[in-house]
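Engineer: Numbering (our numbering), first residue to last: 5 to 346.
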Ligand SMILES: [Zn+2]
């Protein structure tokens, strides 16, 4: 029987301190060569164990094998020069030094497929694997070759589709595309953003998800959120078109956010991964708080389509806090599950 309210996380989880410096984004590896390879596999085992103990139903790699959710994928492609870095403004919010596209982008070999195959051997649970979405990829790069955001997004969509098909073959059950850029560039999302995403999922038989959020709890994102006013209605701009898209699941930020919950009505019919854990604070939610967010969401999502989750990735949090939040998510979902089964 299918579990009601299957829990999962939006993406990254903290890495052990012997693998990478904790509570840091883009944290460099502490190991090298064979030791690094083995260390990443050990970290995968640990993160899986953490998720299991918290009662998480759909497990992931917690991004233990990548430094960053976008750049690690890009690093494996040819046509991108990592020596030649340029400073660009990411999502109109903060400057970062990023690599440059200097020629045709291609994927010469699989990026995460080996890692996914390894995770598949460790668990019988459903696995969700995250990839960056085409629009978020182009927004984290300097383009000196295509000179067109749209053109480059279509190229990336084709590459992502190759990777996604191999992840599916490796036993991944849900492939998620992270598209925080969808919350910023509304016109582009509607013109070609969703179309390129649909290209990325072309031909897949496994479930597909898109994660749209207000970002990690870093200062630039906190400042941006403070500037958005009392009600965050960004999702309203893109939900109607997403509702008509071929994507199965939509992952959203709901806990402690100023997103009016009734916007979820605009994607009625889709499965919704409801963020019931705030990743921008060290305060650990109580199971009752998680349950309360889920109950609110149930007004707009049918119970069989509600997937309790986190607002975003938890990589910048301490392991202690992240584990507490995972446990709260599992326990909170269980409270509501019991209420629904009465
Ligand atoms: Zn996110």
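Glycine included, every Cβ here is placed at the ideal spot set by N, Cα and C.
Where does residue 138 fall in DSSP's three states?
Structural biologist: Stepping through the chain shown from its first residue, residue 138 is reached at position 134. Three-state DSSP puts residue 138 in a helix.
Engineer: If you follow the beta strand (DSSP E) that residue 43 is part of, which residue opens it and which one closes it?
Structural biologist: In the chain shown, the residue the question calls residue 43 occupies position 39. Segment 37-57 is the alpha helix (DSSP H) holding residue 43; no beta strand (DSSP E) there.
Engineer: Three or more C-beta pairs closer than 8 Å, one from the stretch 153-167 and one from the stretch 118-125: is that the case here?
Structural biologist: no
Engineer: Assuming residue 171 and residue 49 make a contact with CB atoms under 8 Å, what is their CB distance in whole Å?
Structural biologist: Walking along the chain shown from the start, residue 171 turns up at place 167. Walking along the chain shown from the start, residue 49 turns up at place 45. Rounded, the Cβ-Cβ distance is 20 Å, inconsistent with contact.
Engineer: When every heavy atom of ligand 1 is checked, does at least one fall within less than 7 Å of the C-beta of residue 316?
Structural biologist: Position 312 of the chain shown holds residue 316. Checking the Cβ of residue 316 against ligand 1 gives yes.
Engineer: If you draw a straight line from the C-alpha of residue 152 to the C-alpha of residue 192, how long is it?
Structural biologist: As a working note, residue 152 is residue 148 in the chain shown. As a working note, residue 192 is residue 188 in the chain shown. One C-alpha to the other measures close to 12 Å.
Engineer: Ignore the nearest five residues each way along the sequence and tell me which others in residue 286's own chain have a CB closer than 8 Å to its CB.
Structural biologist: By 1-based counting over the chain shown, the position of residue 286 is 282. These residues qualify, in order along the chain: 321, 322, 325.
Engineer: What I want to know is whether the C-beta of residue 14 ends up closer than 7 Å to one or more non-hydrogen atoms of ligand 1.
Structural biologist: Residue numbering aside, residue 14 sits at position 10 when the chain shown is read from its first letter. Under cutoff, so the answer is yes.
Engineer: Apply the 10 Å Cβ neighbour rule to residue 21 and answer buried if 16 or more other Cβ atoms are within range, or exposed otherwise.
Structural biologist: Counted from its first residue, the chain shown places residue 21 at position 17. Under this definition residue 21 is an exposed residue.
Engineer: With distances taken between CB atoms, is the gap from residue 149 to residue 92 smaller than 8 Å?
Structural biologist: The residue you call residue 149 lines up with position 145 of the chain shown. The residue you call residue 92 lines up with position 88 of the chain shown. No, these two residues do not count as a Cβ contact at 8 Å.
Engineer: Using 8 Å as the cut-off, can you tell me whether the stretch 176-183 makes contact with the stretch 127-147, which would need three or more C-beta pairs spanning the two stretches below that distance?
Structural biologist: yes
Engineer: How about the stretch 273-280 and the stretch 255-263: do they share at least three Cβ pairs that are nearer than 8 Å?
Structural biologist: yes
Engineer: What did DSSP end up calling residue 324 once you bin it into helix, strand or coil?
Structural biologist: As a position in the chain shown, residue 324 is number 320, starting the count at 1. Correct three-state label for residue 324: helix.
Engineer: Please tell me whether residue 341 has its Cβ less than 8 Å away from any Cβ of chain D.
Structural biologist: The chain labelled as chain D is not found in the depicted structure, where only one protein chain is given.
Engineer: Pick out whichever of 77, 215, 146, 94 has its Cα sitting closest to the Cα of residue 103.
Structural biologist: For this step, residue 103 is matched to residue 99 along the chain shown. Among 77, 215, 146, 94, the Cα nearest to that of residue 103 belongs to 146.
Engineer: Is residue 237 closer than 8 Å to residue 264 when the C-beta atoms are compared?
Structural biologist: Start at 1 with the first residue of the chain shown, and residue 264 comes out as number 260. Start at 1 with the first residue of the chain shown, and residue 237 comes out as number 233. The answer is yes: Cβ separation under 8 Å.
Engineer: Is residue 219 near ligand 1, in the sense that its beta carbon is under 7 Å from a heavy atom of that ligand?
Structural biologist: Taking the first residue of the chain shown as 1, we reach residue 219 at position 215. Residue 219: yes, Cβ under 7 Å from ligand 1.
Engineer: Measure the C-alpha to C-alpha separation of residue 337 and residue 90 and round it to an integer number of angstroms.
Structural biologist: In the chain shown, residue 337 corresponds to position 333, counting from 1. In the chain shown, residue 90 corresponds to position 86, counting from 1. If I take the Cα positions, the gap works out to 44 Å.
Engineer: Out of 329, 288, 184, which has the shortest C-alpha to C-alpha gap to residue 242?
Structural biologist: Residue numbering aside, residue 242 sits at position 238 when the chain shown is read from its first letter. Of the candidates 329, 288, 184, the one whose C-alpha sits nearest the C-alpha of residue 242 is 184.
Engineer: Can the beta-carbon of residue 314 be found closer than 8 Å to that of residue 75?
Structural biologist: Translated into positions along the chain shown, residue 314 becomes position 310. Translated into positions along the chain shown, residue 75 becomes position 71. Result no, Cβ atoms of residue 314 and residue 75 do not sit closer than 8 Å.
Engineer: Less than 8 Å between the CB atoms is what I'm expecting for residue 204 and residue 252, so what's the real figure, rounded?
Structural biologist: On the chain shown, position 200 is the one that residue 204 refers to. On the chain shown, position 248 is the one that residue 252 refers to. Actually they do not touch by this definition, with Cβ atoms about 13 Å apart.
Engineer: So does the stretch 206-226 actually touch the stretch 283-297, counting three or more Cβ pairs closer than 8 Å?
Structural biologist: Using a Cβ-Cβ distance cut-off of 8 Å, the stretch 206-226 and the stretch 283-297 are in contact, since at least three pairs of beta carbons, one from each stretch, lie closer than that value.
Engineer: Between 115, 155, 128, which lies nearest to residue 136 when the distance is taken from Cα to Cα?
Structural biologist: Residue mapping note: residue 136 aligns to position 132 of the chain shown, counting from 1. For residue 136, the closest of 115, 155, 128 by C-alpha to C-alpha distance is 115.
Engineer: Considering only heavy atoms of ligand 1, does any lie closer than 7 Å to the CB of residue 136?
Structural biologist: Mapped onto the chain shown, residue 136 falls at position 132. The answer is no for residue 136.
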